[in-house]
Amino acid sequence: MTKEPIQIPVRIYVACLAAYNNGYLHGRWIDAKQDARAIHDAIRAMLNTSPIADAEEWAIHDYEGFGSLSISEYEGIEYVAQLAAFIAEHGELGAELINHFGDIEQASEALEDGYHGSFESLADYVQSLTEDTGQIPEHLRFYIDWDAMARDAEMSGDLFTVQTAHDEVHVFAGC
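When we follow the working numbering, the leftmost residue of the sequence shown carries the number 4, and every step to the right adds one.
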C-alpha cells in the first residue's frame, strides 16, 4: 500500500550579498519547483530591487521542503531545480532517497526498479511477501520471527528501507 506524496513547498531564500554586506537584509523566497531559468529570473528580479545599486552577487541563505538534504549557499541553481523537481514528484521519500544515495539518478533507479512499497515495518513486508509466495502450515505460523527475518534481509543487503514516518517504511531491493 503506497501513499500519495504530500505536496510540500520546496523553496529557497536567496539573499543579495551587496545588501547583506552593507547591513541590509534583502532577499526573496523563490519556488524551487520551476526550471532553472525561471529561478535565475527571480534572482535577477530580486537583485534589481536591491537597496544597493548594481547588485550582482547572491547566495542561498535558507531553504525548506528539501527534507534531510543540505543545500549550500552557493549550490548551482540547475541542481537545486533538479532536486526540487524530484522532491515535488516523490515527496519526502524522494529527498530521503537522494540523501541515501547521494545522487538523483540512483534514487530514480531505485524507485523505478527496486521499490516494493510502503509498510508499517520491514517485518510486515517480509511477512506479507512470505505469505503471498508460500504456504505456511497453521501450526508453525506463530513460531516465525518476522522481525528476525526482516533484520537478516536488511543485514544481508537484500533489502533496504527508508523511513518517512513513525509507521511508514518504504522497502527497496538491495544494491
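For each residue, glycine too, the CB sits at the ideal point set by N, CA and C.
If the five residues before and after Ala-91 are omitted, its C-beta is found closer than 7 Å to the C-beta atoms of Val-13 and Lys-36, all from its own chain and listed in chain order.
Shortest Cα-Cα distance from Ser-73 to any of Ala-88, Glu-60 and Glu-99 involves Glu-99. For Val-83, the enclosing alpha helix (DSSP H) starts and ends at 80 to 104. Boundaries of the beta strand (DSSP E) around Arg-14: 14 to 19. In this chain, Gln-138 is not harboured by any alpha helix (DSSP H), its DSSP state being neither H nor E. Across the set Ser-121, Val-129, Ala-126 and Ala-88, the C-alpha of Ala-88 shows the shortest separation from the C-alpha of Ser-111. Of the residues Pro-54, Asp-34 and Ile-55, the one whose Cα lies closest to the Cα of Ala-45 is Asp-34. Within its own chain, the residues whose Cβ lies closer than 7 Å to the Cβ of Leu-20, once the five positions on either side in sequence are excluded, are Glu-60, Trp-61 and Ala-62, listed in chain order. For Ile-46, the enclosing alpha helix (DSSP H) begins and ends at 39 to 51. Comparing C-alpha distances from Tyr-66 to each of Glu-123, Ala-126, Glu-115 and Ile-15 shows the shortest one belongs to Ile-15.
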